Structures are given as C-alpha cells and as structure tokens.
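Positions 156 to 737 (my numbering) are the ones given, in order, by the sequence shown.
Yeah, the Cβ is synthetic: ideal placement off N, Cα and C, and Gly gets one too.
A quick note: this is a predicted structure, and the numbers were derived from the prediction, not measured.
In what follows, a single structure is set out as structure tokens and then discussed.
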Amino acid sequence: MTSFTLHGIPVSRGIAIGRAHILAPAALDVQHYLIADDQVEAEVARLQCAITAVHSELQTIWNELPKDAPAELGAFIDVHALILSDPMISEMPLDIIRSRNYNAEWALVTQIEELSAQFEEIEDTYLRERKADIQQVGERVLKALTGSANFLPKVDAAEGVASMIVVAHDISPADMLQFRDSAFSGFITDVGGQNSHTAIVARSLDIPATVGVSNASVLIEQGDWLIIDGDAGVVVVAPTSVVLDQYREKQARQIRDRKKLGKLKKTPSLTIDGTAITLLANIEFPDDCAHAMDAGAHGIGLFRSEFLFMGRTGHAHKLPSEDEQFESYKKAVIAMKGRPVTIRTLDIGADKPMDFAEQTALNPALGLRAIRLCLSEPQMFMTQLRAILRASAFGPIKLLVPMLAHAFEIDQTLLMIAQAKAQLREEKIKFDPILPIGAMIEIPAAALTLPLFIKRLDFLSIGTNDLIQYTLAIDRVDHEVAHLYNPLHPAVLYLLSTTIAIAAKAGIEISVCGEMAGDIQMTRLLLGMGLREFSMHPSQLLAVKNEVLNSDLNVLIPATRKITRLYEPQAITEAVERLRLL
Ligand code: PEP
Ligand code: MG
156 MTSFTLHGIP VSRGIAIGRA HILAPAALDV QHYLIADDQV EAEVARLQCA ITAVHSELQT
216 IWNELPKDAP AELGAFIDVH ALILSDPMIS EMPLDIIRSR NYNAEWALVT QIEELSAQFE
276 EIEDTYLRER KADIQQVGER VLKALTGSAN FLPKVDAAEG VASMIVVAHD ISPADMLQFR
336 DSAFSGFITD VGGQNSHTAI VARSLDIPAT VGVSNASVLI EQGDWLIIDG DAGVVVVAPT
396 SVVLDQYREK QARQIRDRKK LGKLKKTPSL TIDGTAITLL ANIEFPDDCA HAMDAGAHGI
456 GLFRSEFLFM GRTGHAHKLP SEDEQFESYK KAVIAMKGRP VTIRTLDIGA DKPMDFAEQT
516 ALNPALGLRA IRLCLSEPQM FMTQLRAILR ASAFGPIKLL VPMLAHAFEI DQTLLMIAQA
576 KAQLREEKIK FDPILPIGAM IEIPAAALTL PLFIKRLDFL SIGTNDLIQY TLAIDRVDHE
636 VAHLYNPLHP AVLYLLSTTI AIAAKAGIEI SVCGEMAGDI QMTRLLLGMG LREFSMHPSQ
696 LLAVKNEVLN SDLNVLIPAT RKITRLYEPQ AITEAVERLR LL
C-alpha cells in the first residue's frame, strides 16, 4: 500500500511506531427501531440497567486506579460519573423512549447528539471540548446496552510489547488507562484538542499522541504500520522502510536523551563555575503542582490565576468567590511543600477572554486588560487579594502583578493590598504580613523605567511573551504576523539585557517567566545576561537544567556582552547558536 501522511494536533510528545488497532465506536452500529407501547417500560428498564452497570464500572475503575496513575485521572472519572448522573443523560433519554417509542440505543444517541450540538455553540474552548466527555459517557452506556465487551486490544506476543497504536474516533481517559496496562505505544483520534481530557491524560502518562486527525479512524486500516510524531502532530501511514529507519533512529535518540534528563531531577542546578540557578515552574491550575514537583522545580514562578476565572459559563457565579480562590491558592501552596508559589493576579483580556465582560475594544491587547481591568473593578480585585493573602498563612506565597507601566498603577495596587491586609487584620484572619510583591516587566515602558519599580517593589519578573509583542508591535495571537515575532530582535535583547543588569545592580530579584525561559536555545544567552531565575512549563525544566549544568558563566558573560552590541539579525542568530558550542 502507498504511504501517506496525516496531520493533527500534537498533544503528547515522542515518537511511537507500531501497527494500528482500530476501535470502532459503538455509536456507528446503533440500530434504530420503534417499539410497541406495551414494551416501553421494559425498554426504559433496559436503559436504566445499562446506566447502573456503567456507574458500577466507573466505580470499579476508580477503586482500582493504580498508584502511579496520573493525579487528574480520578477527577476525570468523577466527571464522567457526574455526567452519567445528570438528568440530561440519566432521565432525558428515558423520556424520549416514552414519548417517541425509540429503542434505548436510539434514544440515547439522540440525546447525546442534542447535547453535543449545544456544546458546539459554546465559545470557550475548554468548555466546548467537554462535549467529548459527554460522548465518551454515551459510548460507554451504548456498549453496556449492546453487550459489546469493553474493547481491550490483545497484544500479539510475536509483535513484542508496546507495538500497537490505538486509532479511534475518540478514547475516554478511563479507557486509556486500560490500554496502558495492555501495552500500547501511542494513540491517534479523529477528534479532540489541546485541552481535551484525553490529551491531558496522554501527557501525564507520557504516551505519544496526536488528536484531531480528521477521519484517521476511517483512512487507517486495521494492522497498518504507523508512525506517530507526537512533537509535530504528524502520523505517517504505511511508511517506506527508509522513513521507518529514520524515525526509529530519531526515536532511539529521543529515548536516550530523555532517560539522561530524567536522571537530573535531583541534581543541584549549578553552572560549571558553581553559580546556583533557580528553576521554577509555570502553572495554570493547582493540580499542575504535581508536575512541577516531579520535575524538581524550586517553586512556582508563575501561577496564571486567570485560568480559575475562565470557562465558567456553566457556573451560577461568573467570578470565583473569595473562598473558591482561597482553596485553589492554598491547594497549590500546600502541594509545593514549603517551596514558594508566585501567584499572578488576574491577567485577563486580550488573548485570554473574559466570560463576564464583553470584549469590544478594537485593540484588546492595548485595552483594559490585566491590572488595568483589576483597578477598574476594585471589588473583584479585592476579592482576589484577600484570597491570596489568606492562602499565604499556609506557606510561602509571592504576589505578582501583570502589565504595570505607570507609577500610579503600582501605588494604587499597593494601596489596595494594604487595604486587604487591614481588613483581614480587623477580621482576625491570618496572612503573611511580609508577603513579597512583584511586577511583571512586559511593557517596554516598564523596562525603560525600572527605577520606578525597584523603589516600590520586592521582585521583578520579565514576561517576554508580551514584552516581545509590545516591543515589536505584533499581536502574539495573529498568525498573519507570527513570522515577525522574534525574541532575538536587537530591540528585545536590549530591553532584556538592560533590565536584568539594572535589577542585578540594584540587588532586586529578577526572573524571566515568558516562553523564552523554557527555550534551551536561549538559556545560555539569558545566563550570559546575568539571569539567575527561570520560570517555565514543567516539561521544559530538565532540558533547561541540562543547559545550565553545561554552562560556564566565565565564558558566557563576555560572549553575551558582544552579542548585545550586534544589530544584524544574521550575526545575532549565529552568535547565539555559537553560545551553545562554548
Ligand atoms: C508573558 O507575557 O511573557 C507572560 C509570562 O505572561 P502571559 O503569557 O500569561 O501573558
Ligand atoms: Mg503577559
């Protein structure tokens, strides 16, 4: 057969090579027929029975979760149990049987399709992707109805372990766990996105996966040889022997590299000349702390608290309450076991849209976002400040404020923090009285007026993502100008190097928490500029540590100084590449 390539969304990295095991969705085989009036209650009972069976099936999976199962898996199974108990699934299909005389499978599929269509309308991507959970629950009930066994692929001993790649329209997180036990090496689904639960579990289990590969389960045939390149989101079907050899080599290299990196978890993060470098993690939810701890992070350098405010369409209250926020912050600080947690106050607006306020600005990135929005909504801001302060009684918390540019914004923010403290004191609620307060340096105006910040604050963190966006005047989410987004533009390097140098001279703590901090091509450049604190996605931490361990500041500092005097792009790129050879 001829080889062809399919493209999807890369959700879990690494290369997997194996034969396709196609899972046919039960929904495809559903029979549609009308039942006689006197059979209606029997049909209702049949569906109820299947729902009960799936309940106990989920309970069994939950009870038997292996100790090393990803932390979120239990929660995802709970979500499925909740969906199953919801009247939309547990009662509506019964009504459909009674009112339309549909057979149980037909009634269930009708209701699932109806619900899916409603979810399709939701703007929030996270919530929209929850449609998959409903379909997965429906799929389980259908399997219970039709009596088709839970599809557990058998491994052909002759083929060796982990040589099977599961191809499905969709796979539920619970099923993935079962597949892991039956040794499969990767999976491909027709649907799904970055935030689908299946993708999240794949990342935690560290299984190469590509989702959203339209029609994969139709185009790929049972037993086809497949390659998943989980980093690129590419699937090669029926590869030629030359391609197969190339990927086998790449796979072996990746496995070797990752094994080596895995050994660095407990290695102290020191440069060759003995300088200690702090490596912190960026998180979006308290549960991400587990990954941070696992990678050996020294703490959380950026907790993007806005994620607690997003995707709340289904909640009675659009904004998380003080208690709800407090519980999340406390959970993070407890999970980090005494390592500092830097909580950034709400950075909503622009690319992180709000559910509670319509975005009408023509240039939202230059509009009422982040601290600007917080200062214009003092009640909302006060709620968050109180929650953060309350959590600081349970472990070391630092408070980081995004998008500051003006002295009066810093002063107003500090005033509000002082007010929050006074309120708590009055109410006899505990908090850390000397909780450090810092600013994100992500607007060029801030980088150029650092003394204003140093005088008023305890620490600084450079948000290179926005600093680059605002310096080069390119919208970071507009793909038409994506090619202009360049961390090595001399203007960006100037702002970075001067900011780091001025902070170092003033003796104020400074870190970088934008994507640059997790990019190993940039590690030596930032070290050479004098940076000693990096905050990044936990998955990048060990690779960056590896760079740190092989860096000699005595060599990097003079070499970097020369780079900051260059203007020609080609010369800068080459010089930065050379740093990695030093
Ligand atoms: C940044 O701007 O670099 C940053 C870390 O914040 P965010 O990506 O959340 O805007
Ligand atoms: Mg930012």
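According to the DSSP assignment, residue 384 belongs to the beta strand (DSSP E) that extends over 380-384. When the five nearest sequence neighbours on each side are left out, the beta carbons in the same chain lying within less than 8 Å of the beta carbon of residue 697 are those of 416, 417, 419, 420, 450 and 451, in order along the chain. Here residue 432 is not near residue 444, since their CB atoms are 8 Å or more apart. Looking only at 159, 650, 473 and 715, the smallest Cα-Cα distance to residue 381 is reached by 159. Beyond the five residues adjoining it in sequence on each side, residue 562 comes within less than 6 Å, by CB distance, of 607 in the same chain, given in chain order.
Note on the region 651-702: whole beta strand (DSSP E) runs with a minimum of 3 residues are 664-667 and 688-691, in chain order.
Checking the 7 Å criterion, the Cβ of residue 620 is within range of a heavy atom belonging to the ligand MG.
At least one heavy atom of the ligand MG lies less than 7 Å from the C-beta of residue 502. Here residue 557 is buried, its C-beta having at least 16 other C-beta atoms within 10 Å. Inter-residue distance for residue 413 and residue 361 is about 11 Å (C-alpha atoms, whole angstroms). Put simply, the backbone Cα of residue 726 is about 24 Å away from that of residue 625. In terms of Cα proximity to residue 202, the closest of 238, 157, 262 and 187 is 262.
Of the other Cβ atoms in all chains shown, 16 or more fall within 10 Å of the Cβ of residue 652; this residue is therefore buried. Note on geometry: alpha-carbon atoms of residue 478 and residue 484 lie some 10 Å from one another. Sequence-distant partners of residue 174 (beyond 5 residues in either direction) whose C-beta falls short of 8 Å from its own C-beta, in its chain, are 314, 318, 319, 320, 378, 379, 380 and 381. The Cβ neighbour count for residue 394, taken over all protein chains shown within 10 Å, is at least 16; the residue is labelled buried.
Between the ligand PEP and residue 615, a heavy atom-to-CB distance of less than 7 Å is absent. Comparing alpha-carbon positions, the option among 592, 526 and 529 lying closest to residue 547 turns out to be 592. Cβ-Cβ distances below 8 Å link residue 493 to 550 and 551 in the same chain, with the five nearest sequence neighbours on each side left out; the list follows chain order. Cβ-Cβ distances below 6 Å link residue 706 to 426, 679 and 682 in the same chain, with the five nearest sequence neighbours on each side left out; the list follows chain order. In the DSSP annotation of this structure, the continuous segment of the alpha helix (DSSP H) that includes residue 408 starts and ends at 396-417.
One thing to note: residue 525 has its Cβ within 8 Å of the Cβ of residue 502. The bridge partners DSSP lists for residue 257 are 189. In this structure residue 302 is exposed. Its beta-carbon is surrounded by fewer than 16 other beta-carbon atoms within 10 angstroms.
In this structure, the C-beta of residue 611 stays at least 7 Å away from each heavy atom of the ligand PEP. Checking the DSSP bridge columns, you'll see residue 322 partnered with 177 and 343.
Contiguous beta strand (DSSP E) elements confined to the region 423-481 occur at 433-438 and 455-459, taking only those with 3 or more residues.
The residues 289, 290 and 293, in chain order, have a CB closer than 7 Å to that of residue 267 in the same chain once the five nearest residues on each side in sequence are set aside. Residue burial is scored here from C-beta neighbours: residue 642 has at least 16 other C-beta atoms within 10 angstroms and is therefore classed as buried. For residue 583, there is no enclosing alpha helix (DSSP H), as DSSP marks it with neither H nor E. The beta carbon of residue 439 sits no closer than 7 Å to any heavy atom of the ligand MG.
The beta-carbon separation of residue 644 and residue 627, rounded to 6 Å, stays under the 8 Å limit for a contact.
If you draw a straight line from the Cα of residue 235 to the Cα of residue 344, it comes to about 19 Å.
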